[in-house]
Amino acid sequence: MENLQPLGGKIWTKPFKVLTLLAVIGGIFIAKRFIFGIGSVTNLSDGYPWGLWIVFDVVTSTALACGGYAMAMLVYIFNKQEYHPLVRSALVASIFGYTLAGLAIFIDVGRYWQLYNVFIPPYLNVNSVMFEVASCIALYVLIMWIELSPAWFKQRYGKVPGWLNKIMFFIIAIGVLLPTMHQASLGGLMIAMGEKLSPLWQTQFIPALFLITAITLGYAMVVFESIFSANQFGRPVEMKMLSKLSRFIPFLTIAFLVLRFGVIAFNGDLGLIFRFDLAALMFVIETVLFVFPVVILWKPENRQKINNLFRAAVFFVIAGVLYRFDTFIIVFNPGHGYRYFPAFQEIMITVGIIALEIMLYMIFVKRLPIFPQVKHA
Amino acid sequence: MSSYFPDSEMKTESPVSGVSRRDFLKFCTIMTATMGLPAGMVEKVMAAVENPKRPPVIWLHFQECTGCTESLLRATHPTVEHLVLDIISLDYSETLCAAAGHQVEEALHASVEANKGNFILVVEGSIPTADNGIYCKIGGKTAMEILKDIGPKAAACVAIGSCASWGGVQSAYPNPTGATGVSELLKEVPVINLPGCPASPYNILSTILYYLTLKKLPALDGEGRPVFAYGRLIHENCERRPHFDNGRFAEEFGDEGHRQGYCLYKLGCKGPETHANCPSILFGDVGSNAWPVGTGHPCFGCAEKGVGFHKPIHEQAAVYTVAPPATYPDFDEPKGKGIGVGAALVVGAAAGAAVAGGLKFSKVLKESDNSEEKKN
């Protein structure tokens, strides 16, 4: 097993200060939300009960946090041990994405003090997609913290307890199963929305499409985060591994596009692309953004250049995020004249949560053994 | 059904004289529906109505206003009155008897003796019990004595109206006459209570026809009321119920909500605690809305013991089913706002910073790529 070590260094850096400021602003608005209610900080309405918080903080943020899941699947299920050095940093990024998604739920749900009822056995509604998502995400957050706990044990006591190592294979297996379920279910939520969603998005295959893009987003985020943090923390880029890893992105994207266009064509709805309305426009933009990474990463020699990897990852992340925003907000039309654009304070709460996420990531990688040791030549 | 329609013409006289076949059929169908019987029972009801052996009915009046008799005679379809007088043998009724005085008293006692154990006793009005019942006397006998004498000889007793059912208006505080319902005093025979002020005429017609058709009494609830008529709260079938559930109330008479036909609960409507079928069968055969709530006045609970004449008219009712919440969501929800200035600035700044940062970072990476290439 490779050597992992804390990066060390100062915590209270200039970027950290800026993030702290954003987090504090977000925290103030969160306090306002809990004192004066959701209406005081958001533009949510009966037509759009799910706004920025659910769509970004939960749906998108957990998809972006699929790096840990995608890497665990690759390393432990498909047994590609050569990628193992990337697993732990991906896991840390995932942990904060998911944990703060759970926090965001508390802010977003109107009667948050009732939320615990979801987990009370007599109240379990096993026929509900929402229950599936809620229980899966909650359990997965717990699982991920267990998965990361060896890093803490190592740092604190110098070794990982034996019993933890013994059960870890089971924890990891569950940790791969759960996101497979709830990332699909997050898309499945929208099936219930029926004709409020354009047929270009609304198909019975939304769960599959959400799952494929979530896994691909996982890889794209691992590439993005690795390059970005290597640059920020002054570390060499794991170029060999990343260029090998990045080849999954075009394959998965093509699978996604084939399935998506196939289903739309099978339903006879391809003509909707040429209606030149908002849905058609967003669909074209999405498709172009999805095609970019395929074009950039298609040839093996292109995958050797770090800039190409970065650009492809960024385009796929934008495409995947836009796909989720389109499905839940932009193309979603509840009718009856409802409109939605997140309010300033609503956005600042999300910004604050993201800032907190990055701050925690920075603390963790500097204080716990997350990144592989740099081999000095 | 064909046997009811003679070959030659539809409009023949029915066995009940003075009623066209069409009206007769209509009446029987309405009655069957009111009793809650399936449509297939119409024929049986008709057969029962046409039976020449008419059951004797003795109708006693005590402390009352004759409103129930009036509503039975007037508020129904005109032909029904004929029909009722023809299908039953009304041997004694102070309102309808042509005879008077000792003559009619004799007729009463002759009928009671002749039909002992077979006649239906209808009681209208409460029985005063204070001071040995001296507040209501007929032919020198108190109401208590008359009931004690005639009551046990009947096959069954129908207490029509709230007075006979539980005391009615006379039993309101301080109840100086000690007014009491029939069922308190008459224990020997089954008593069917048909409360209401006045009782809906269809409920007594249905009860009597039920008995004639099926030769048994209809199912009764704990208060002795037929379930088919009193099984549900007015609140449950009220035409204004959706307004209650959505929090749209008339706050005072003549206000905007009152004119819009909103729920009258806050004006003291006793629908939530009164059992009766008023919202379903209405009153007076004059079409929709012909019942108190339909005309814009809260139900005052005339049919419910302890509510009508007991609670103040505008006191809010106890709600046994779903209680209205203290606050309601607006039913005119905001439709959401478009993009705000602050939000636009934040999104624009974030997008701009991301694009600029991304381009700059991409440039840095490109340079490092180039230097790598040069090295190689």
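Protein sequence lines correspond, in order, to chains A and B.
Going by this note's numbering, the first residue of the first sequence is number 3, and it counts up by one from there.
Going by this note's numbering, the first residue of the second sequence is number 3, and it counts up by one from there.
We put the beta carbon where it would ideally sit given N, CA and C, even for glycine.
Quick one, which of the options has its alpha-carbon nearest residue i's?
i, options, result
"residue 138(B)", "68(B), 353(B), 63(B)", "63(B)"
"residue 224(A)", "159(A), 314(A), 61(A)", "314(A)"
"residue 11(A)", "374(A), 369(A), 375(A), 373(A)", "369(A)"
"residue 28(A)", "345(A), 363(A), 373(A)", "345(A)"
"residue 123(B)", "23(B), 372(B), 158(B)", "158(B)"
"residue 16(A)", "239(A), 307(A), 272(A), 234(A)", "234(A)"
"residue 312(B)", "111(B), 207(B), 175(B)", "175(B)"
"residue 209(A)", "14(A), 53(A), 135(A)", "135(A)"
"residue 347(A)", "340(A), 341(A), 355(A)", "355(A)"
"residue 79(A)", "108(A), 173(A), 110(A)", "173(A)"
"residue 212(B)", "303(B), 47(B), 31(B)", "47(B)"
"residue 171(B)", "322(B), 306(B), 365(B)", "306(B)"
"residue 222(A)", "230(A), 248(A), 241(A), 9(A)", "248(A)"
Enumerate in chain order the residues of its own chain whose CB-to-CB distance from residue i is below 8 angstroms, with the five nearest sequence positions on each side excluded.
i, result
"residue 69(B)", "163, 199, 200"
"residue 258(A)", "211, 214, 215, 218, 292"
"residue 238(A)", "232, 376"
"residue 317(B)", "270"
"residue 243(B)", "237, 265"
Can you list, in chain order, the residues of its chain with a C-beta nearer than 6 angstroms to that of residue i? Leave out the 5 residues immediately preceding and following it.
i, result
"residue 319(B)", "272, 274, 275"
"residue 117(B)", "58"
"residue 279(B)", "231"
"residue 245(A)", "305, 306"
"residue 60(B)", "93, 94, 121, 123"
If you follow the beta strand (DSSP E) that residue i is part of, which residue opens it and which one closes it?
i, result
"residue 219(B)", "No beta strand (DSSP E) contains residue 219(B), which DSSP labels as neither H nor E."
"residue 123(B)", "122 to 126"
"residue 300(A)", "First-last for residue 300(A): 280 to 300, but that is the alpha helix (DSSP H), not the beta strand (DSSP E)."
"residue 93(B)", "91 to 95"
"residue 60(B)", "58 to 63"
"residue 2(A)", "This structure leaves residue 2(A) out entirely; chain A is present only between 3 and 379."
"residue 196(B)", "193 to 196"
"residue 2(B)", "Not covered by the structure: residue 2(B). The range shown for chain B is 3 to 378."
Within 10 angstroms of its Cβ, does residue i collect 16 or more other Cβ (buried), or is it exposed?
i, result
"residue 237(B)", "buried"
"residue 87(A)", "buried"
"residue 293(B)", "buried"
"residue 227(A)", "buried"
"residue 277(B)", "buried"
"residue 159(A)", "exposed"
"residue 329(A)", "buried"
"residue 288(A)", "buried"
"residue 111(B)", "exposed"
Note down, in chain order, each residue of its chain lying with its Cβ closer than 7 angstroms to the Cβ of residue i, except the 5 sequence neighbours on either side.
i, result
"residue 265(A)", "205, 207"
"residue 166(B)", "125, 126, 127, 128, 183, 184"
"residue 58(A)", "352"
"residue 240(B)", "273, 281, 295"
"residue 107(B)", "141"
What span of residues does the alpha helix (DSSP H) with residue i cover, start to end?
i, result
"residue 294(B)", "294 to 297"
"residue 17(A)", "16 to 38"
"residue 247(B)", "243 to 247"
"residue 350(B)", "343 to 377"
"residue 113(B)", "103 to 116"
"residue 151(B)", "145 to 152"
"residue 178(A)", "164 to 193"
"residue 310(A)", "308 to 327"
"residue 364(A)", "346 to 369"
"residue 86(A)", "86 to 110"
"residue 234(A)", "208 to 234"
"residue 258(A)", "250 to 268"
"residue 30(B)", "23 to 36"
Indicate, with yes or no, if the ligand ADP has a heavy atom lying under 8 angstroms from the CB of residue i.
i, result
"residue 295(A)", "For the structure depicted, the ligand ADP is absent and the ligand set is empty, with no information on it obtainable."
>> With a threshold of 8 angstroms, are at least 3 pairs of Cβ atoms found where one atom belongs to the segment 242 to 259 of chain B and the other to the segment 218 to 225 of chain B?
In response: As far as the Cβ criterion goes, the segment 242 to 259 of chain B does not touch the segment 218 to 225 of chain B, which means the pair count is below three.
> Touching or not, the segment 14 to 31 of chain A and the segment 319 to 326 of chain A, by the rule of three or more beta carbon pairs under 8 angstroms?
Replying inline: Too few Cβ pairs lie closer than 8 angstroms, so no.
>> Between the segment 91 to 107 of chain B and the segment 177 to 191 of chain B, can you find at least three pairs of beta-carbon atoms closer than 8 angstroms?
In response: Counting Cβ pairs under 8 angstroms, fewer than three are found: no touch.
> Contact between the segment 43 to 53 of chain A and the segment 336 to 351 of chain A: three or more CB pairs below 8 angstroms?
Replying inline: Yes, the segment 43 to 53 of chain A touches the segment 336 to 351 of chain A.
> Is the segment 36 to 45 of chain B touching the segment 208 to 220 of chain B in the sense that three or more CB pairs, one from each, lie closer than 8 angstroms?
Replying inline: As far as the Cβ criterion goes, the segment 208 to 220 of chain B touches the segment 36 to 45 of chain B, which means the pair count is three or higher.
> Are the segment 87 to 105 of chain A and the segment 355 to 373 of chain A touching by the rule of at least three beta carbon pairs closer than 8 angstroms?
Replying inline: Cβ pair count under 8 angstroms is three or more, so yes.
> Do the segment 147 to 167 of chain A and the segment 108 to 127 of chain A touch if we need at least three Cβ pairs shorter than 8 angstroms?
Replying inline: In short, these stretches do not touch, since the Cβ pair count stays below three.
> At a cut of 8 angstroms, does the segment 196 to 203 of chain A reach the segment 267 to 275 of chain A through at least three beta carbon pairs?
Replying inline: Flag = yes, the segment 196 to 203 of chain A and the segment 267 to 275 of chain A touch.
> Would the segment 352 to 371 of chain B and the segment 64 to 82 of chain A be scored as touching if the rule is three or more Cβ pairs under 8 angstroms?
Replying inline: When C-beta atoms of the segment 352 to 371 of chain B are compared with those of the segment 64 to 82 of chain A, fewer than three pairs fall below 8 angstroms, so the two segments do not count as touching.
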